[in-house]
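A.B. asks: In case it helps, this note's numbering puts the sequence shown at residues 11 to 279.
The beta-carbon is built from N, C-alpha and C at its ideal position, and this holds for glycine as well.
Note that the structure is a prediction, hence the values are computed from the model and not measured.
The following block contains the structure, expressed as structure tokens.
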Amino acid sequence: MRPWRLILLLVTLAPVGLSSAEERLRLATTTSLEDSGLLHVLNPAFAQRYGIHVEVLALGSGQALRLGKNCDVDGVLAHAPQAEEAFVQAGFGVNRIKIMHNDFLIAGPKEDPAAIKSAKTASEALRRIAEAQARFVSRGDHSGTHEKELSLWRQAGIDPKGNWYFAIGQGMAAALQFADEKRAYVLTDRGTFLALKPRLELEVSFAGDPELYNFYHFIAVNPKRCPQVNYEAAMRYAAFLTSPEGQKLIAGFKFEGERLFQPLKELRP
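Dropping the structure here:
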């Protein structure tokens, strides 16, 4: 059955009485969704509708997909397109579904030592940082954000090395805090940055390049490879996220009046 047909079927099912109160969905997802607070809105609403408790493991996208490969979770919600496609092609996941998007931006100190605020593209901004050897903090954790950062360096024709480049192997919140302490630049998703901004002195140094769009997909772990997974709960979650109710919650999730994520109907190609 095609993913959209299965989702349509699940949406039409009665939400109450189909799942026991003890039923759970093990979800591996990104630190950006946990740190931004979006899951604290979505998951209780899903649990109320279907009686399924969502157990969240917030990691980088690479680590989240690894849990899926090991059959340790029922579904993955990530933002690492190349890694996700490889995950599905290798047979570890099924029914990859686009959910929403936000964007990446480069945050940095107010003084903007590499003068990237006047850059025209993200690649140009990174070239200026490298040429100035201005401090740059990388998550370095094989997450979707880290994957995106490395692809941007490749586009800029730069292999970032030196005492100006800090790869810390931690999540988004930790990377932002470290960059704040070091007065450094950092690539971040907009949602986490806005959620943590009151605690930071960092500012938006560069944003708006279409190369910085950040797409999130949900993938169910393949039940043929991992028979013990709760595939039905995973597909109910996908149905909820793409339903009018779920999309309304995504669209309405704001921080200080600013929307952090764009729902499916507003997704760019």
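1) Could you tell me which residues DSSP puts in a beta bridge with Met110?
2) Who are the Cβ neighbours of Tyr247 in its own chain at under 8 Å, not counting the five residues just before and after it?
3) Could you tell me the alpha carbon to alpha carbon distance between Ser253 and Glu121, rounded to whole angstroms?
4) Which ranges does the beta strand (DSSP E) cover as unbroken runs of at least 3 residues, wholly within the segment 136-201, from first to last along the chain?
5) Whose CA, out of Leu251, Thr40, Val239, lies closest to the CA of Ser71?
6) Indicate the three-state DSSP secondary structure (helix, strand or coil) for Gly85 in the structure shown.
7) Please confirm whether His89 and Asn224 have their CB atoms less than 8 Å apart.
8) Suppose the cutoff is 6 Å on Cβ atoms and the five residues either side in sequence are ignored; what does the same chain contact list for Val83 look like?
9) Take Pro147 and list the residues in its own chain whose beta-carbon comes closer than 6 Å to its own, dropping the five residues that flank it on each side.
10) What residue range is occupied by the uninterrupted alpha helix (DSSP H) comprising Arg36?
11) For Leu204, which residues in the same chain have their Cβ closer than 7 Å to its Cβ, ignoring the five residues on either side in sequence?
12) Check whether the segment 110-119 touches the segment 209-218, taking contact to mean three or more Cβ pairs, one atom from each stretch, closer than 8 Å.
13) Apart from the five residues on each side of it in sequence, which residues of its chain come closer than 7 Å, Cβ to Cβ, to Ala142?
14) Assign Glu191 to one of two classes, buried (16 or more other C-beta atoms within 10 Å of its C-beta) or exposed (fewer than that).
15) Do you know how far the Cα of Ala100 is from the Cα of Val44?
16) Within the same chain, show all residues whose beta-carbon is closer than 6 Å to that of Arg149, passing over the 5 residues directly before and after it, in chain order.
17) Exposed or buried, Pro273, counting other C-beta atoms within 10 Å across all chains shown (16 or more means buried)?
18) State buried or exposed for Asn173, treating a residue as buried only when at least 16 other CB atoms are found within 10 Å of its CB.
19) Let me know if Gly201 comes out buried or exposed under the rule of 16 or more other beta-carbons within 10 Å of its beta-carbon.
20) Roughly how many angstroms lie between the CA atoms of Lys207 and Ser46, to the nearest whole one?
21) What three-state label does DSSP hand Ile17 in the structure shown?
22) Give me, in chain order, the residues of the same chain whose beta-carbon lies closer than 7 Å to that of Arg138; leave out the 5 immediate sequence neighbours on both sides.
23) Helix or strand or just coil, what does DSSP make of Glu242?
24) Could you give the C-beta distance for Leu251 and Ile109, rounded to a whole number, given that I count them as a contact under 8 Å?
25) State the start and end residues of the unbroken alpha helix (DSSP H) segment that holds Leu75.
26) What does a CB cutoff of less than 7 Å around Lys171 pick up in its chain, not counting 5 residues either side in sequence?
C.D. replies: A quick look at the data gives this:
1) Against the sequence shown, residue 110 aligns to sequence position 100. DSSP lists Tyr226, Pro273 as partners of Met110.
2) Here residue 247 corresponds to residue number 237 of the sequence shown, with the count starting at 1. Leu35, Leu37, Phe56, Ile62, Val64, Gly85, Phe228.
3) As a working note, residue 253 is residue 243 in the sequence shown. As a working note, residue 121 is residue 111 in the sequence shown. Going from the Cα of Ser253 to the Cα of Glu121 covers about 44 Å.
4) 146-148, 175-177, 195-199
5) The sequence position of residue 71 within the sequence shown is 61, counting from 1. Closest option to Ser71, Cα to Cα, is Thr40.
6) If you number the sequence shown from 1, residue 85 lands on position 75. Three-state DSSP puts Gly85 in a strand.
7) Taking the sequence shown and counting its residues from 1, the one referred to as residue 89 is at position 79. Taking the sequence shown and counting its residues from 1, the one referred to as residue 224 is at position 214. Taking 8 Å as the Cβ cut-off, His89 and Asn224 qualify as a contacting pair.
8) Counted from its first residue, the sequence shown places residue 83 at position 73. Contacts found: Arg36, Ala38, Leu77.
9) If you number the sequence shown from 1, residue 147 lands on position 137. The question names Pro, but residue 147 in the sequence shown is Val. Closer than 6 Å at the Cβ level, and outside the excluded window around Val147, lie Phe176, Ala185, Phe188, Ala189, Ala194, Val196.
10) Numbered from 1 along the sequence shown, position 26 holds the residue referred to as residue 36. Per DSSP, Arg36 belongs to no alpha helix (DSSP H); it is in the beta strand (DSSP E), 34-40.
11) Indexing the sequence shown from 1 puts residue 204 at position 194. Correct list, in chain order: Phe265, Glu268, Leu270.
12) yes
13) To locate residue 142, count along the sequence shown from 1; it is residue 132. Same-chain partners within the cutoff: Pro123, Ala124.
14) Walking along the sequence shown from the start, residue 191 turns up at place 181. So Glu191 ends up on the exposed side.
15) Position 34 of the sequence shown holds residue 44. Position 90 of the sequence shown holds residue 100. A small correction: the amino acid at residue 44 is Glu; Val does not occupy that position in the sequence shown. Approximately 27 Å between the Cα atoms of the pair.
16) For the purposes of this step, residue 149 is taken as residue 139 along the sequence shown, with counting starting at 1. Contacts found: Thr155, His156, Ala185.
17) The residue you call residue 273 lines up with position 263 of the sequence shown. Label assigned to Pro273: buried.
18) The sequence position of residue 173 within the sequence shown is 163, counting from 1. When all chains shown are included, Asn173 counts as exposed.
19) Position 191 of the sequence shown holds residue 201. Buried, since its Cβ has 16 or more Cβ neighbours within 10 Å.
20) In the sequence shown, residue 207 corresponds to position 197, counting from 1. In the sequence shown, residue 46 corresponds to position 36, counting from 1. One C-alpha to the other measures close to 11 Å.
21) Position 7 of the sequence shown, counted from the first residue, corresponds to residue 17. With a pLDDT of 49 at Ile17, under the threshold of 50, the predicted position of this residue should be treated as unreliable, and no value is reported.
22) What you label residue 138 is simply residue 128 of the sequence shown in a count that begins at 1. Counting only Cβ-Cβ distances below 7 Å, and skipping sequence neighbours, we find Ala124, Ala125, Ile126, Ala129.
23) Counting from 1 along the sequence shown, the entry for residue 242 is found at position 232. Helix.
24) Here residue 251 is taken as the residue at index 241 of the sequence shown, counted from 1. Here residue 109 is taken as the residue at index 99 of the sequence shown, counted from 1. So it is a contact: roughly 5 Å between Cβ atoms.
25) Position 65 of the sequence shown holds residue 75. 71-79 is the span of the alpha helix (DSSP H), which, as asked, contains Leu75.
26) Residue mapping note: residue 171 aligns to position 161 of the sequence shown, counting from 1. Closer than 7 Å at the Cβ level, and outside the excluded window around Lys171, lies no residue.
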